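Engineer: Residue numbers for the sequence shown follow the working numbering, so the first one is 3 and each next one is one higher. Ideal Cβ positions, reconstructed from N, Cα and C, are used throughout, including at glycine. Please read these numbers as outputs of a predicted model, since none were measured by experiment. Quick one: this structure, given as structure tokens, is what I'll be asking you about.
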Amino acid sequence: QVHLVESGGGLVQPGGSLRLSCAAPSLLFSDFNMSWHRRAPGKEREMVAGISRFGTTTNYADSVKGRFIISRDNAKNMVYLHMNDLKPEDLAAYYCTAVALGRPIYWGQGTQVAVSS
């Protein structure tokens, strides 16, 4: 059974930074593209950032481009989301996913990010 475990969420002031981490110890990690999604209260779930199997390609939602950076460490089976210049609209539950054939097939339980002064 595949487990993805997110951590690093919390409360931060506008303009602040957080780093989310996702551990995937039971996954053949380098076989998968990885992505982060989020769901804000009352909104549809959206993909925030994605990264290819060996980290050579990344893509971002327009809403976070230039502020968020996705990275991965295949030796540690870890993927990260570095979030800078956080805004109140970034408040959401953030989920790590493993992607196959263009679709997320494994999901973590999520970590909550709140942005408030």
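1. Would Met80 and Ala25 qualify as a contact pair, given that the criterion is a beta-carbon distance under 7 angstroms?
2. By the DSSP assignment, the beta strand (DSSP E) with His84 in it spans what residues?
3. Just mark Asn35 as buried or exposed, buried being the case when its beta carbon has 16 or more other beta carbons within 10 Å.
4. In the DSSP assignment, find the beta strand (DSSP E) that holds Ser28 and state where it starts and stops.
5. Closer than 8 angstroms is the cut-off here; do at least three beta carbon pairs connect the region 100-108 with the region 67-79?
6. Is it buried or exposed for Gly110, if we count other Cβ within 10 angstroms and need 16 for buried?
7. Is the region 44-51 touching the region 61-71, taking contact as three or more C-beta pairs under 8 angstroms?
Structural biologist: So, from the listed chains and residues:
1. Yes, these two residues count as a Cβ contact at 7 angstroms.
2. Met80 to Met85
3. buried
4. Element bounds for Ser28: n/a, residue is neither H nor E.
5. no
6. So Gly110 ends up on the buried side.
7. Using a C-beta cut-off of 8 angstroms, the region 44-51 makes contact with the region 61-71, since at least three inter-stretch Cβ pairs fall below that distance.
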